[in-house]
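In terms of this note's numbering, the sequence shown opens at residue 12 and continues consecutively.
All C-beta atoms in this analysis are idealised placements derived from N, C-alpha and C, irrespective of residue type, glycine included.
All of these numbers come straight from a predicted model, not from anything done at the bench.
Each remark here refers to the structure printed beneath this line.
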Amino acid sequence: MTDKALQAELEARLASLQSRLASLKKDATQPHSSDSSEQAQERENDEVVDAIANETRLSIRVIQATLKRIEDGTYGACEACGEPIGEARLNAIPEATRCVSCVS
12 MTDKALQAEL EARLASLQSR LASLKKDATQ PHSSDSSEQA QERENDEVVD AIANETRLSI
72 RVIQATLKRI EDGTYGACEA CGEPIGEARL NAIPEATRCV SCVS
């Protein structure tokens, strides 16, 4: 995949994740029930929503970092040794920052 195609794919994923995060934030601000049994369930739901939001934020940061590496011209170079990461690894994990040798 070319850098331009990858960049477009990552930007689309980023927009989707940002939309998802906005939706999660909106859901988190909804008022809770006054019923104590429902409040317990709502607290559990809040914990799940918080966990999903945290994972979404992490994914956003990873994609933003990958887009920055593409812009900087350092995409595809291992951040540990500087050698090429390898096309097969980048096709499998486009946000990879280390080559197979440095990960092992």
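Shortest alpha-carbon distance to residue i belongs to which of the options?
i	options	result
Lys15	Ser115, Glu58 and Thr77	Thr77
Thr108	Ser115, Glu90, Arg100 and Gly97	Glu90
Ile96	Ser112, Glu82 and Ile81	Ser112
Classify residue i as buried or exposed, calling it buried when 16 or more other Cβ atoms lie within 10 Å of its own Cβ.
i	result
Ile104	exposed
Thr67	buried
Leu69	exposed
Cys110	buried
Gly84	exposed
Rounded to whole angstroms, what's the CA-CA distance from residue i to residue j? Just pull it up for me.
i	j	result
Glu94	Lys37	43 Å
Gln52	Gln29	26 Å
Glu22	Gln75	9 Å
Considering only the beta carbon of each residue, do residue i and residue j sit closer than 8 Å?
i	j	result
Ile71	Leu32	yes
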